[in-house]
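J.: Below is a structure I'd like to ask you about.
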Ligand code: SF4
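Residue numbers (our numbering): -8 to 254.
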């Protein structure tokens, strides 16, 4: 029988990011990584198979619960062997011996039906706690294609919407619970005016989503309006708060809306 989420093995946890690549396929205006030829003081790379395999097996030495994310900078799904790498990780995680939780962050540009089905199969495969693959986090940041192009530096808005909607449809058709989906929207000059359109579009398509202005904390689908990190943080925080208020969120009158550790 499939284990339940309450059957935890350890009490402490640690976040581990194994960055599959620091390359990205788009150029978001708010991302310093996208403006540079290097991200870690050296040319951008794709992780090789041996590094991935050895890193995963090394997780068994960690005493704490491992929360694994195959991303730090860059876009993980453009790794040429992304599917093979992720499938292997779940194949050797029987009994959650390597990682207790898994979370994928993506811009959703390269997200085929086959990839959606693979990730859903892995998320709901036996031999691991049912909530192991917790979140699929799509960074969207726009509603209309022109605004997507402006904010994300690529004319891929329609494709991203189609990809996410297809993923949600497959999840519904298969009646699967995991992973929960987060849709993120970094509020900034240029997209603040269509935050409501974004909210209304996705509220109807996600499963009774939470709507939040701070890092998602609930185990459910979520629409997350994020503040922009920038030089004029007071101004960015004000735009974030004003936008959240304008679309009907219950926003405290305290300036910065997120916990210091959120990003
Ligand atoms: S998708 Fe992510 S890594 Fe790529 S440019 Fe945008 S924020 Fe940066």
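By construction, the Cβ of each residue, glycine as well, lies at the ideal position given by its N, Cα and C atoms.
Pull up the distance between the alpha-carbon of residue 137 and that of residue 170, whole angstroms please.
T.: If you take the alpha carbons of residue 137 and residue 170, they lie about 30 Å apart.
J.: Can you grab the Cα-Cα spacing for the pair residue 1 / residue 111, in whole Å?
T.: Only weak support is given to the placement of residue 1: the predicted model assigns it a pLDDT of 48, under 50, and the value that follows is read from those uncertain coordinates. If you take the alpha carbons of residue 1 and residue 111, they lie about 26 Å apart.
J.: Is any non-hydrogen atom of ligand 1 found closer than 6 Å to the C-beta of residue 10, if you look at the structure I gave you?
T.: No - ligand 1 has no heavy atom lying nearer than 6 Å to the Cβ of residue 10.
J.: Residue 70 to residue 37, Cα distance in whole Å?
T.: Their backbone Cα atoms lie some 6 Å apart in a straight line.
J.: Using 10 angstroms around the beta-carbon of residue 31, count the other beta-carbons present and answer buried if the total reaches 16, otherwise exposed.
T.: Label assigned to residue 31: exposed.
J.: Expressed to the nearest angstrom, what Euclidean distance is found between the alpha-carbon atoms of residue 5 and residue 99?
T.: Distance between the alpha carbons of residue 5 and residue 99 is about 26 Å.
J.: Taking a contact to mean a Cβ-Cβ separation below 7 Å, would you say residue 74 touches residue 109 in this structure?
T.: Cβ atoms of residue 74 and residue 109: closer than 7 Å.
J.: Is the Cβ-Cβ distance between residue 142 and residue 115 less than 7 Å?
T.: Against a cut-off of 7 Å, the Cβ pair of residue 115 and residue 142 comes out as no contact.
J.: Which of helix, strand or coil does DSSP assign to residue 191?
T.: Helix, per DSSP.
J.: Give the C-beta separation of residue 134 and residue 178 to the nearest angstrom, bearing in mind that I take them to be a contact with Cβ-Cβ under 8 Å.
T.: With a Cβ gap of about 12 Å, residue 134 and residue 178 do not count as contacting.
J.: Here's the rule: buried if 16 or more other CB atoms are within 10 angstroms of the residue's CB, otherwise exposed. What is residue 96?
T.: Buried is the call here.
J.: Considering only C-alpha positions, which residue in the set 25, 81, 54 is nearest to residue 60?
T.: Minimum Cα distance to residue 60 is reached at 81.
J.: Taking Cβ to Cβ, would you say residue 13 is nearer than 7 Å to residue 65?
T.: Their beta carbons are under 7 Å apart, which means residue 13 touches residue 65 by this criterion.
J.: Below 8 Å on the Cβ atoms is my contact criterion, and I expect residue 255 with residue 58 to pass it. Report the Cβ-Cβ distance as a whole number of Å.
T.: Summary: the structure shown does not reach residue 255, with the chain confined to residues -8 through 254, and so no result is reported for it.
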